[in-house]
C-alpha cells in the first residue's frame with residue numbers, strides 16, 4: 007500500500023519576485039532546496055497565506071544563498087513580492103518506508119533566512 011505524505015515544507019517564505027514573462031515554475035534558493043530535500047523540477051504546491059491562493063507548479067534551482075523565491079509564468083498572477091507562502095512537496099511511501107518517515111520542515115523569517123527546522127508539526131490545541 008502506498009500513502010502520499012508531506013515530504014518537505016518551506017513555511018512562511020517570502021516571495022521575492024513574480025515574473026510573468028519567465029518560463030514558468032518557482033525558483034527557490036538552491037541552499038533552501040537542498041536543506042528541504044526538494045529536487046529541481048519536482049512538483050510543488052504553493053499556499054499563499056496573504057491572499058488565500060493555492061496553486062501547483064514545479065521547483066527550479068535559484069542562486070544559492072540568494073534567498074530567492076520567484077513565482078514565475080502564469081503563477082505570477084497568484085503571488086506578489088512580499089507575500090508569505092508555504093511551499094510543499096509530497097511523495098508516496100510504502101508502509102515499510104512509513105515506519106521511519108519524517109518530513110523536512112523549514113521555518114523561514116521575513117528575509118527568507120532559516121529560523122528553525124523540525125520533522126514534526128506540533129499538536130494543535132483547542
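Numbering (this note's numbering), first residue to last: 7 to 132.
Glycine included, every Cβ here is placed at the ideal spot set by N, Cα and C.
Nearest-angstrom Cα separation, counted from residue j out to residue i
| i | j | result |
| --- | --- | --- |
| residue 120 | residue 88 | 16 Å |
| residue 23 | residue 44 | 19 Å |
| residue 69 | residue 77 | 14 Å |
| residue 67 | residue 131 | 37 Å |
| residue 51 | residue 105 | 25 Å |
| residue 58 | residue 18 | 13 Å |
| residue 30 | residue 81 | 7 Å |
| residue 86 | residue 39 | 21 Å |
| residue 21 | residue 94 | 14 Å |
Integer Cβ distance of residue i from residue j, believed to fall under 8 Å
| i | j | result |
| --- | --- | --- |
| residue 28 | residue 79 | 6 Å |
| residue 73 | residue 122 | That pair is no contact at about 16 Å. |
| residue 84 | residue 125 | The pair is not a contact, with the Cβ atoms about 29 Å apart (cut-off 8 Å). |
Three-way DSSP call (helix, strand, coil) for residue i in this model
| i | result |
| --- | --- |
| residue 101 | helix |
| residue 4 | Any answer about residue 4 is impossible in this case: the structure gives the chain only from 7 up to 132. |
| residue 114 | strand |
| residue 35 | strand |
| residue 7 | coil |
| residue 42 | helix |
How do the region 51-67 and the region 101-116 stand: do at least 3 beta-carbon pairs fall below 8 Å, yes or no?
Contact between the region 51-67 and the region 101-116 is absent, because fewer than three Cβ pairs lie under 8 Å.
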